[in-house]
Amino acid sequence: MLGLAAMKLEIECVFYDPATDAPARVAGRHIAAAWNDQVALERFAREVDVITFEFENVPSETLAFLGKFRPVWPRVRSLELTCDRIREKEFLRASGVPVQPFAPISNNAELDLALAAVGPHGVLKTRSLGYDGKGQRVVKAAHELAPAWEALHCAPCIYEAFVPFDREVSVLATRAADGSAVVYPVIENLHTHGILFRSIAPALISTELAQAAEHYARRVLEALDHVGTLALEMFVADNTLIANEIAPRVHNSGHWTIDGARTSQFENHIRAVAGLPLADAGMNEFAAMVNLVGGIPETSEILGIEGTFVHLYGKAPRAGRKVGHINVVAPTRATLLERLVEVERIARRVNRLA
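What follows is the structure, given as structure tokens:
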């Protein structure tokens, strides 16, 4: 989707991905080589003017090597901070963004310390890797923490206090190298088995909370000296915001912006890393996104619903894999919700989460 946004701006892209069937190959030349293949990496770098990344599992060492030849945006620091959940939470707290109590666990002695600091009801997550609900366990009593850690193979973990949230939200923001930034309307998200199922914009929260979310997103952008798009995911609990995590890239909850915003998150990311002026992040209409996970419906079935747009990624369907999404737009929230009922019904019928 970044490649398609670049094409709209008449920017040519080269894609580096170890997978030989990478979906991005339809939008430009594709180099399929290992993340540590320095010969291929240098060849790639010398073909382009600037480098960006689309997901967090690119090794930071790879980006550091590429940075010897060309500018890399966002900075490697954004990736390194957000790939370690302890460092990420410490960064958020130091930046004045509220977070729940948390503690590290890397040995048996820290189990009791974590319980004392956080309490018996929490969520245990691996410090690195893990997404879409992977690499985590919910703990409901003190005696469950040690077995949960063992189930995660005693990997270095973060133990966070459980947040009884009212809703989950995210805010997307894009920052250019000159410090200018745009922020998208706050999004309300619904997850199923740890995987994002639906996003609605704007979120049904107070103006005060929406302004606070935007303020926190801008703080994160500035503190990271971030160039490009990022997402700040948060919980709403008792009319307060608690930060969950940062995604230092374009984000699934912002895919609605392709059809529902004046400028998509992808285009603004490309604009930022290419040194172009950022564009309006406002909404065209009320909008929503529904993920297709592990299955693809008949396109005609979706397009028969007014205000819908189907985006497929060219990935072979398999359980738990995001293979596309459906965007829905409408002039009013009520109409949007009406259209979503049928779209969600179709998506739930074909989705295979596990």
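Residues 299 to 652, numbered by my numbering, are exactly what the sequence shown covers, in order.
Positions of the beta carbon are idealized from the N, C-alpha and C atoms, including for glycine.
Roughly how many angstroms separate the alpha carbons of residue i and residue j, rounded to a whole number?
| i | j | result |
| --- | --- | --- |
| I603 | M305 | 28 Å |
| F342 | F313 | 8 Å |
| S404 | T555 | 40 Å |
| G605 | E340 | 45 Å |
| F351 | W371 | 8 Å |
| L654 | A407 | A question about residue 654 goes unanswered here, because the residues of the chain that appear run from 299 up to 652. |
| G420 | F533 | 14 Å |
| N582 | E640 | 22 Å |
| A577 | T561 | 6 Å |
| D536 | V461 | 10 Å |
| A459 | A392 | 18 Å |
| G301 | A331 | 19 Å |
| A322 | V588 | 21 Å |
| L450 | P418 | 18 Å |
| S478 | F564 | 17 Å |
| V374 | L364 | 10 Å |
| A499 | R650 | 25 Å |
| E520 | Q398 | 22 Å |
| Q509 | A632 | 23 Å |
| E442 | E448 | 10 Å |
| L379 | D335 | 24 Å |
| A541 | R647 | 32 Å |
| V436 | D315 | 34 Å |
How would you label residue i, buried or exposed, when you count the other beta carbons within 10 angstroms and need 16 or more for buried?
| i | result |
| --- | --- |
| L427 | exposed |
| H489 | exposed |
| C452 | exposed |
| K366 | exposed |
| S598 | exposed |
| H524 | buried |
| A515 | buried |
| E466 | buried |
| G394 | exposed |
| G622 | buried |
| E386 | buried |
| A317 | exposed |
Quick one: measure Cβ to Cβ for residue i and residue j, integer angstroms, because I've assumed they're closer than 8 Å.
| i | j | result |
| --- | --- | --- |
| V548 | A511 | Not quite, the Cβ-Cβ distance comes to about 18 Å (not below 8 Å), so this is no contact. |
| N566 | V480 | 6 Å |
| L470 | E486 | With 8 Å as the limit, L470 and E486 do not qualify as a contact, their Cβ atoms being about 13 Å apart. |
| L539 | P396 | 6 Å |
| L390 | A401 | Actually they do not touch by this definition, with Cβ atoms about 15 Å apart. |
| A570 | L634 | Incorrect: roughly 29 Å between the Cβ atoms, too far for contact. |
| I600 | I644 | 6 Å |
Looking at C-alpha atoms only, which residue of the options is the closest neighbour of residue i?
| i | options | result |
| --- | --- | --- |
| G433 | R425, S504 and A439 | R425 |
| G580 | G552, G593, A570 and I568 | G552 |
| G618 | E642, I493 and V337 | I493 |
| R368 | G573, V348, I456 and A499 | V348 |
| I384 | A415, P357 and P454 | P454 |
| L590 | A362, E520 and S497 | S497 |
| K423 | Y611, A446, Y482 and L519 | A446 |
| F495 | P629, A320, K620 and L307 | K620 |
Beta-carbon of residue i versus every beta-carbon of chain D: anything under 8 Å?
| i | result |
| --- | --- |
| V346 | Annotation note: the requested chain D is absent from the structure, which comprises a single protein chain. |
Run through the segment 445-522 for me and flag every whole alpha helix (DSSP H) of 4 or more residues, listed as ranges in chain order.
-> 505-522
Counting only runs of 3+ residues fully inside the segment 307-393, write out the beta strand (DSSP E) ranges in chain order.
-> DSSP runs (the beta strand (DSSP E)) wholly in the segment 307-393: 312-314 and 327-329.
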